[in-house]
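Some notes on the structure that comes next.
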Amino acid sequence: MSEERDYILELKNVCMKFGGLMAVNEVFFNLERGKILGVIGPNGAGKTTLFNTITGFYQDYTGSVIYNGKNMNRKRVDERCRLGIARTFQVTRPFEQNTLLENVMLGSYFGIEEKRKLNDCEEEAYELLRYVGLSDKSKELAVSLNVAQRKKLELARALSTKPSLLLLDEVIGGLNPTEVVEMMEIIKKINNTGVSILMIEHVMKAITGISDTMVVINHGEKITEGVPEVVMNNPEVIEAYLGSAALNKGV
Amino acid sequence: MNRLVKFFDGSKNKMILSALFFLVLLLIPIVLRISGYENESYVEGVLILCMMWAAMTLSWDLLMGYMGIWSLAQQVFFGIAAYTSSMMNYYLGMSPWLGFLIAPIVAAVVGGLVAIPVLRLKAAPYIIIATMCLGEIVRLVFTNLVDFTRGELGFWQMEAFDDVFGINMNGADKIPYYYLIFIIFSAITLVCSLIAKSHNGLAMKAIRDSQEAAESLGVNSTEIKIKIFIISAYMAGFCGVFYAHYMKILTPTDMFSQSMMTEFIAMDVFGGIATTRGPVFGAFFLTIIMESLQGLDKYKLLIYAAILMITTLLLPNGVMNSSRTLKLSLLGRLTKHGRTESDIDAEAGNG
Chain A
81 MSEERDYILE
91 LKNVCMKFGG
101 LMAVNEVFFN
111 LERGKILGVI
121 GPNGAGKTTL
131 FNTITGFYQD
141 YTGSVIYNGK
151 NMNRKRVDER
161 CRLGIARTFQ
171 VTRPFEQNTL
181 LENVMLGSYF
191 GIEEKRKLND
201 CEEEAYELLR
211 YVGLSDKSKE
221 LAVSLNVAQR
231 KKLELARALS
241 TKPSLLLLDE
251 VIGGLNPTEV
261 VEMMEIIKKI
271 NNTGVSILMI
281 EHVMKAITGI
291 SDTMVVINHG
301 EKITEGVPEV
311 VMNNPEVIEA
321 YLGSAALNKG
331 V
Chain B
29 MNRLVKFFDG
39 SKNKMILSAL
49 FFLVLLLIPI
59 VLRISGYENE
69 SYVEGVLILC
79 MMWAAMTLSW
89 DLLMGYMGIW
99 SLAQQVFFGI
109 AAYTSSMMNY
119 YLGMSPWLGF
129 LIAPIVAAVV
139 GGLVAIPVLR
149 LKAAPYIIIA
159 TMCLGEIVRL
169 VFTNLVDFTR
179 GELGFWQMEA
189 FDDVFGINMN
199 GADKIPYYYL
209 IFIIFSAITL
219 VCSLIAKSHN
229 GLAMKAIRDS
239 QEAAESLGVN
249 STEIKIKIFI
259 ISAYMAGFCG
269 VFYAHYMKIL
279 TPTDMFSQSM
289 MTEFIAMDVF
299 GGIATTRGPV
309 FGAFFLTIIM
319 ESLQGLDKYK
329 LLIYAAILMI
339 TTLLLPNGVM
349 NSSRTLKLSL
359 LGRLTKHGRT
369 ESDIDAEAGN
379 G
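Structure representation (structure tokens):
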């Protein structure tokens with residue numbers, strides 16, 4: 081038990097308050113390097129808020145976000161990005177009046193500390209678009225994409241910053257079953273290259289299949305964490321998702 | 029050569045068209061002089077205005093078109109530079125040429141100062157209100173600081189530019205001024221298109237579409253916004269200095285009220301935002317139309333308003349960005365049976 085583990089992300093008592101509402105309350109967990117951690121919880125549980133504190137969109141949280149052993153508090157979003165924390169958005173935010181290539185090029189130029197030629201970034205962006213299967217649309221404006229393509233673009237964009245920690249906010253929400261399988265394959269491929277992944281997801285089958293460990297959040301508080309099989313059979317988790325009646329009926 | 033073509037979005041036609049445009053502008057005064065056309069100086073005067081407004085609209089388009097910051101204070105940078113240069117000339121007797129050195133820097137400093145409050149505002153309406161108020165405040169300050177700015181009396185009869193290289197700049201012959209603004213206009217066009225094609229342009233367009241997403245990809249939006257505000261104001265400053273010593277009359281109402289800004293908006297939106305050709309086309313087209321409708325000067329703002337409304341209704345992307353929309357509606361009328369948009373795209377690509 082006492083063996084020293086290599087954590088890429090450690091959250092220590094993170095709290096985020098909106099007025100009187102504790103959106104995230106004393107949440108703590110660790111993510112081991114190279115692993116996938118699934119975050120689940122009912123709507124409004126505070127999962128996205130948690131993501132916003134980790135990436136720095138909310139600066140006035142308390143507690144600490146420790147990435148690679150360094151405290152990230154007070155660091156701006158773009159600084160955290162250049163250090164290797166990338167994210168996708170639940171409600172996709174493509175740069176609509178830019179081509180897909182420009183969308184991804186932005187990350188490959190600005191997302192890493194070292195400054196390179198725009199031409200190199202362009203080639204890299206094209207490779208990434210091919211990786212997620214959008215290369216045939218590279219010259220089109222992002223406004224023309226459908227939901228599945230937008231999610232893939234978000235992913236390509238996040239990858240363009242060469243992250244070591246990737247936060248995926250419901251990348252498979254709204255996809256059809258075939259697209260879900262495709263997306264899960266892509267996520268596994270990314271994880272195999274050594275990127276640690278923190279993902280929020282509602283599709284239980286998908287997230288339990290892919291996560292190494294899971295954290296359950298309800299009303300801003302962590303209920304439990306552990307390997308997927310144990311977490312999914314935890315009575316508190318079933319109650320949070322389905323209500324206490326479900327527990328009595330033994331669903 | 030490939031890099032040069034790429035600069036024009038990979039289109040040789042665009043490159044040739046731009047080269048031709050500047051060549052024609054370069055040759056017009058020479059042709060007019062040789063042919064002995066009697067209204068020579070009138071034509072040159074109109075083209076000087078065209079180029080000046082095009083340069084101003086281009087500098088504003090960096091903020092509004094590329095970055096989506098609806099700053100309505102571009103005339104303030106223009107006016108501040110014009111006033112700085114005139115006052116240096118009037119009070120200190122400095123040569124107007126020195127104005128080009130100092131006044132744009134003053135405008136750039138003001139631009140940087142304006143950027144700070146604007147940065148805290150995200151929604152366009154608040155930025156519009158804040159920058160409009162700024163224009164009004166500056167106008168009132170310049171009207172009331174009578175000892176310093178001569179109030180509503182303004183400055184007039186500033187010195188013309190000193191003669192250089194034996195060229196007479198007294199203004200009787202418009203050709204030297206024509207080439208002076210030609211140089212300023214070309215330089216601003218070049219700088220604006222270089223910025224648009226650089227990594228800064230990429231970041232600006234991303235900030236316009238989603239600032240959060242841009243920041244999550246490593247863009248320091250504060251730094252880029254301040255940088256572009258300063259560059260934009262600096263370029264507007266050059267136009268301001270030229271205006272002061274070419275028009276030789278400055279009043280706070282002319283310089284700082286919204287009417288000049290309205291022209292820039294109309295020119296930019298009419299021509300097509302977030303391009304180089306759009307603002308240039310808009311400025312030339314509207315200036316020439318307004319000049320030919322001299323008698324309607326009183327209704328200028330009314331006409332601009334009508335143009336703005338008609339363009340936003342019919343060609344929301346501006347004239348120069350609407351070749352596809354125009355083609356679609358024309359073809360839709362000619363051929364009743366269904367042709368898909370991609371067919372038309374394919375044709376456009378071949379043609």
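As you go down the protein sequences, you meet chains A and B in turn. Residue numbers 81 to 331, in my numbering, belong to the letters of the first sequence in order. Residue numbers 29 to 379, in my numbering, belong to the letters of the second sequence in order. The C-beta atom is built at its ideal place from N, Cα and C for all residues, glycine as well.
Which residue spans inside the segment 142-182 of chain B form an unbroken alpha helix (DSSP H) run of at least 4?
Entirely contained in the segment 142-182 of chain B, the alpha helix (DSSP H) runs reaching 4 residues are, in chain order, 152-172 and 174-177.
Name the chain C residues that come within less than 7 Å of D158 of chain A, Cβ to Cβ?
Among the protein chains in the structure shown, which are A and B, there is no chain C.
According to DSSP, is E301 of chain A part of a helix, a strand, or is it coil?
Sequence index remark: in the first sequence, residue 301 of chain A carries index 221 (1-based). E301 of chain A falls in the strand class under three-state DSSP.
To test your reading of the DSSP string, which unbroken beta strand (DSSP E) runs of 3 or more residues are found completely within the segment 273-318 of chain A?
Counting whole runs of 3 or more residues, the segment 273-318 of chain A contains the beta strand (DSSP E) stretches 276-280, 293-298 and 301-306.
Jot down the residue ranges of each uninterrupted alpha helix (DSSP H) in the segment 202-265 of chain B, minimum 4 residues, whole runs only, in chain order.
Qualifying alpha helix (DSSP H) stretches, in chain order: 203-225, 227-237 and 239-244.
Starting from N249 of chain A and walking both ways along the alpha helix (DSSP H), at which residues does that stretch end?
Locating residue 249 of chain A in the first sequence gives position 169, where the first residue counts as 1. The question names Asn, but residue 249 of chain A is Asp in the sequence shown. Taken as a continuous stretch (DSSP letters only), D249 of chain A belongs to no alpha helix (DSSP H), being part of the beta strand (DSSP E) at L245 to D249.
Tell me which residue opens and which closes the beta strand (DSSP E) that G65 of chain B is part of.
What you label residue 65 of chain B is simply residue 37 of the second sequence in a count that begins at 1. The identity of residue 65 of chain B in the sequence shown is Tyr, whereas the question assumes Gly. Neither: Y65 of chain B is in no beta strand (DSSP E) and is coded neither H nor E.
Give, in chain order, every unbroken run of the alpha helix (DSSP H) that is at least 4 residues long and sits entirely within the segment 113-169 of chain A.
Here the runs fully enclosed are 127-135 and 157-163.
Taking the CB atoms as reference points, tell me whether V212 of chain A and A236 of chain A lie closer together than 8 Å.
Walking along the first sequence from the start, residue 212 of chain A turns up at place 132. Walking along the first sequence from the start, residue 236 of chain A turns up at place 156. Contact: yes.
How many angstroms separate the CA atom of E194 of chain A from the CA atom of G310 of chain B?
Your numbering for residue 194 of chain A matches position 114 in the first sequence. Your numbering for residue 310 of chain B matches position 282 in the second sequence. Rounded to whole angstroms, E194 of chain A to G310 of chain B spans 40 Å at the Cα level.
Please report the distance separating the alpha-carbon of R85 of chain A from that of S276 of chain A.
Within the first sequence, residue 85 of chain A is the residue found at index 5, counting from 1. Within the first sequence, residue 276 of chain A is the residue found at index 196, counting from 1. The alpha-carbon atoms of R85 of chain A and S276 of chain A are separated by roughly 14 Å.
Considering only their Cβ atoms, is the gap separating D292 of chain A from R167 of chain A smaller than 8 Å?
Counting from one through the first sequence, the residue named residue 167 of chain A turns up at place 87. Counting from one through the first sequence, the residue named residue 292 of chain A turns up at place 212. Not closer than 8 Å, so no.
Using the beta-carbon of each residue, which ones in chain A are nearer than 7 Å to D89 of chain B?
For the purposes of this step, residue 89 of chain B is taken as the residue at position 61 of the second sequence. Per Cβ cutoff of 7 Å: no residues; D89 of chain B is ~14 Å from chain A at best.
CA-CA distance, L208 of chain A and S240 of chain A?
Locating residue 208 of chain A in the first sequence gives position 128, counting from the first residue. Locating residue 240 of chain A in the first sequence gives position 160, counting from the first residue. Taking the straight line from one Cα to the other gives about 7 Å.
Please compile the residues from chain A whose C-beta is within a distance smaller than 7 Å of the C-beta of D237 of chain B.
Looking up residue 237 of chain B in the second sequence gives position 209. Here the neighbours are F175, E176, Q177 and N178.
Between the C-alpha atoms of E369 of chain B and T340 of chain B, what's the straight-line distance to the nearest angstrom?
Counting from one through the second sequence, the residue named residue 369 of chain B turns up at place 341. Counting from one through the second sequence, the residue named residue 340 of chain B turns up at place 312. Confidence in E369 of chain B is poor, its pLDDT being 49 and thus under 50, which makes the residue's placement unreliable; the coordinate value appears in the next sentence. One C-alpha to the other measures close to 22 Å.
Compute the distance between the beta-carbons of G163 of chain B and V104 of chain B, then report whether it is under 8 Å.
The residue labelled residue 163 of chain B in the question sits at position 135 within the second sequence. The residue labelled residue 104 of chain B in the question sits at position 76 within the second sequence. It is a contact, given that the beta carbons lie within the stated cut-off.
For the pair the segment 297-308 of chain B and the segment 260-271 of chain B, tell me if three or more CB-CB distances fall below 8 Å.
Touching, no.
Taking the beta carbon of N30 of chain B as the centre, do at least 16 other beta carbons fall within 10 Å, making it buried, or is it exposed?
As a working note, residue 30 of chain B is residue 2 in the second sequence. By the neighbour-count rule (16 or more Cβ atoms within 10 Å), N30 of chain B is not buried but exposed.
Within 10 angstroms of its Cβ, does S249 of chain B collect 16 or more other Cβ (buried), or is it exposed?
Here residue 249 of chain B refers to the residue found at position 221 when the second sequence is read from its first residue. Classification of S249 of chain B: buried, given that the 10 Å Cβ count is 16 or more.
Mind checking if L149 of chain B is an interface residue toward chain A, Cβ cutoff 8 Å exclusive?
Here residue 149 of chain B refers to the residue found at position 121 when the second sequence is read from its first residue. It does not; no Cβ of chain A falls within 8 Å.
Express the C-alpha separation of D237 of chain B and L247 of chain A in angstroms, rounding to a whole number.
As a working mapping, residue 247 of chain A is identified with position 167 in the first sequence. As a working mapping, residue 237 of chain B is identified with position 209 in the second sequence. Distance between the alpha carbons of L247 of chain A and D237 of chain B: 21 Å.
Am I right that G121 of chain A and N298 of chain A are in contact with their C-beta atoms under 8 Å? What's the rounded C-beta distance?
Locating residue 121 of chain A in the first sequence gives position 41, where the first residue counts as 1. Locating residue 298 of chain A in the first sequence gives position 218, where the first residue counts as 1. Contact holds; Cβ gap of about 5 Å.
Got a sec, what are the start and stop residues for the alpha helix (DSSP H) K219 of chain A sits in?
As a working note, residue 219 of chain A is residue 139 in the first sequence. No alpha helix (DSSP H) contains K219 of chain A, which DSSP labels as neither H nor E.
Are M284 of chain A and V311 of chain A closer than 8 Å when you measure CB to CB?
For this step, residue 284 of chain A is matched to residue 204 along the first sequence. For this step, residue 311 of chain A is matched to residue 231 along the first sequence. No, they are not a contact pair.
Taking a contact to mean a Cβ-Cβ separation below 8 Å, would you say V227 of chain A touches S244 of chain B in this structure?
Translated into positions along the first sequence, residue 227 of chain A becomes position 147. Translated into positions along the second sequence, residue 244 of chain B becomes position 216. For V227 of chain A and S244 of chain B, no; Cβs fall outside 8 Å.
Since I believe E182 of chain A is in contact with F175 of chain A (beta carbons under 8 Å), could you give me their beta-carbon distance rounded to a whole number of angstroms?
Indexing the first sequence from 1 puts residue 175 of chain A at position 95. Indexing the first sequence from 1 puts residue 182 of chain A at position 102. About 7 Å separates the two Cβ atoms, so the contact holds.
What residue from A:G300, A:C161, A:T273 and A:K217 has the CA that sits closest to K232 of chain A's CA?
One-based indexing of the first sequence puts residue 232 of chain A at position 152. With distances taken between Cα atoms, K232 of chain A lies closest to A:K217.
Using a C-beta cutoff of 8 Å, does L32 of chain B count as contacting chain A?
On the second sequence, position 4 is the one that residue 32 of chain B refers to. Chain A, which has no Cβ nearer than 8 Å to the Cβ of L32 of chain B, makes this no.
Quick one: is M279 of chain A near chain B, going by C-beta distance under 8 Å?
Sequence index remark: in the first sequence, residue 279 of chain A carries index 199 (1-based). False, the Cβ-Cβ gap to chain B never drops below 8 Å.
Quick check on A320 of chain A: does DSSP put it in helix, strand or coil?
Along the first sequence, read from residue 1 onward, the residue named residue 320 of chain A stands at position 240. Residue state, collapsed to three classes: helix.
Whose Cβ in chain A lies nearer than 8 Å to the Cβ of K233 of chain B?
Along the second sequence, read from residue 1 onward, the residue named residue 233 of chain B stands at position 205. Correct list: F175, Q177, N178 and E182.
Would you say I280 of chain A and F131 of chain A are within 8 Å of each other, going by their C-beta atoms?
Locating residue 280 of chain A in the first sequence gives position 200, counting from the first residue. Locating residue 131 of chain A in the first sequence gives position 51, counting from the first residue. For I280 of chain A and F131 of chain A, yes; Cβs fall inside 8 Å.
Could you give the residue range of the beta strand (DSSP E) that holds M186 of chain B?
As a first step, residue 186 of chain B is located in the second sequence; it is residue number 158 there, counting from the start. M186 of chain B -> no beta strand (DSSP E), and no H or E assigned at all.
Out of curiosity, what's the CA-to-CA distance linking R162 of chain A and M96 of chain A?
On the first sequence, residue 162 of chain A is found 82 positions in, with the first residue counted as 1. On the first sequence, residue 96 of chain A is found 16 positions in, with the first residue counted as 1. Cα to Cα, the separation comes out at about 24 Å.
Counting only the same chain and skipping the five closest in sequence on each side, list residues whose C-beta sits under 7 Å from that of E68 of chain B.
For the purposes of this step, residue 68 of chain B is identified with residue 40 of the second sequence, where counting begins at 1. Hits under 7 Å: L60 and R61.
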